[in-house]
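In the working numbering, the protein residues as written are 345 to 642. Cβ atoms here follow ideal geometry from the backbone N, Cα and C, with glycine treated the same way. As structure tokens, the structure follows; a few thoughts come after it.
Structure (structure tokens):
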């Protein structure tokens with residue numbers, strides 16, 4: 345079973361690359377596809393399958409940025425969905441609106457394909473370890489077809505429903521918290537600096553106090569080290585928090601804290617920080633009050 349489970353990962357970014365590596369470690373013949381030819385070549389050099397995607401695949405993980413890219417991969421001019429054999433499962437990992445996930449499920453079903461609404465969380469480090477959390481929803485057949493891929497890539501799979509939508513809804517809840525926590529961490533750290541508390545001392549103390557969070561402990565060291573090489577980009581948050589606000593609007597729900605955090609990310613993009621690590625949102629606060637953040641060590 346392991347040796348005949350053919351997988352493909354579309355999107356070899358920080359998360360997709362780790363997922364593709366995890367599939368390889370599990371013994372699955374795996375194709376990796378990305379618009380970045382260097383990423384695809386590197387993956388092939390590590391053991392990825394050569395050549396174009398075959399028409400017969402058991403599972404394809406779509407690990408791209410947003411709904412538009414997901415739709416293009418599946419149903420665009422060179423979309424893969426029409427080429428897949430009936431019974432293959434599409435594991436859709438991008439953060440998208442629940443309504444979009446339901447639409448993709450229906451369009452895949454029209455072609456005889458299974459669809460798993462399966463946004464992921466855990467960052468590039470956990471992706472590389474095969475230890476992601478997956479917020480998944482889909483039919484029992486979709487879960488069964490995706491199980492070898494999920495076992496390879498995930499430490500925890502939350503089964504949230506028997507049709508698409510709940511996985512993406514839960515991911516929007518997670519992204520609300522994650523985006524707000526990063527912004528709040530940056531605000532708290534730079535506020536501390538105005539009171540003479542250095543970033544390293546802030547981290548030493550707060551990570552052991554009630555004010556900590558997973559995002560604080562993961563992102564604050566980037567600021568302390570002055571290292572904004574992107575593990576997760578600023579550019580992700582206008583999209584993800586925008587989805588949160590769109591879903592909230594459709595539910596008649598006010599989300600003012602999300603809106604405030606989104607504004608800070610938009611300011612960061614306007615400052616040209618979009619491609620940097622999302623911890624770079626601290627630079628917005630630092631600029632506003634004239635603070636100097638730590639520099640990268642030589």
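Per DSSP, residue 349 lies in no beta strand (DSSP E) and is assigned neither H nor E. Separation of residue 395 and residue 432 (C-alpha to C-alpha, rounded to the nearest whole angstrom) is 20 Å.
Around the beta carbon of residue 442, a 10 Å sphere encloses 16 or more other beta carbons of the protein chains shown; the residue is thus reported as buried. Relative to residue 486, the option among 449, 423, 407 whose CA is nearest is 449. By the CB criterion at 8 Å, residue 436 and residue 460 fall inside the cutoff.
The Cβ atoms of residue 611 and residue 628 sit closer than 8 Å to each other.
By the criterion of at least three beta-carbon pairs nearer than 8 Å, the region 360-371 is in contact with the region 489-505. Under the 8 Å Cβ criterion, the region 551-569 counts as touching the region 527-543, having at least three qualifying pairs. Remark: fewer than three beta-carbon pairs, one from each stretch, lie closer than 8 Å, so the region 535-549 and the region 467-475 are not flagged as touching. Here DSSP, grouped into helix, strand and coil, assigns residue 393 to coil. Counting along the chain, residue 461 sits inside no alpha helix (DSSP H); it lies in the beta strand (DSSP E) bounded by residues 458-461. The DSSP-derived three-state label of residue 621 is strand. Across the structure, residue 374 and residue 577 are spaced so that their CA atoms are roughly 27 Å apart. The Cβ-Cβ distance between residue 583 and residue 410 falls below 8 Å.
One Cα belongs to residue 457, the other to residue 588, and the distance between them is close to 28 Å. Nearest to residue 508 by alpha-carbon distance, out of 451, 357, 426, 378, is 451. Positions of the alpha helix (DSSP H) runs, each at least 4 residues long and wholly inside the region 386-471, are given as 411-419, 442-454 in order along the chain. For residue 522 against residue 572, the beta-carbon gap comes to about 18 Å, at or over 8 Å, which does not count as contact. The bridge partners DSSP lists for residue 377 are 354. Beyond the five residues adjoining it in sequence on each side, residue 558 comes within less than 8 Å, by CB distance, of 525 in the same chain, given in chain order.
In the displayed model, residue 607 falls within a helix according to three-state DSSP.
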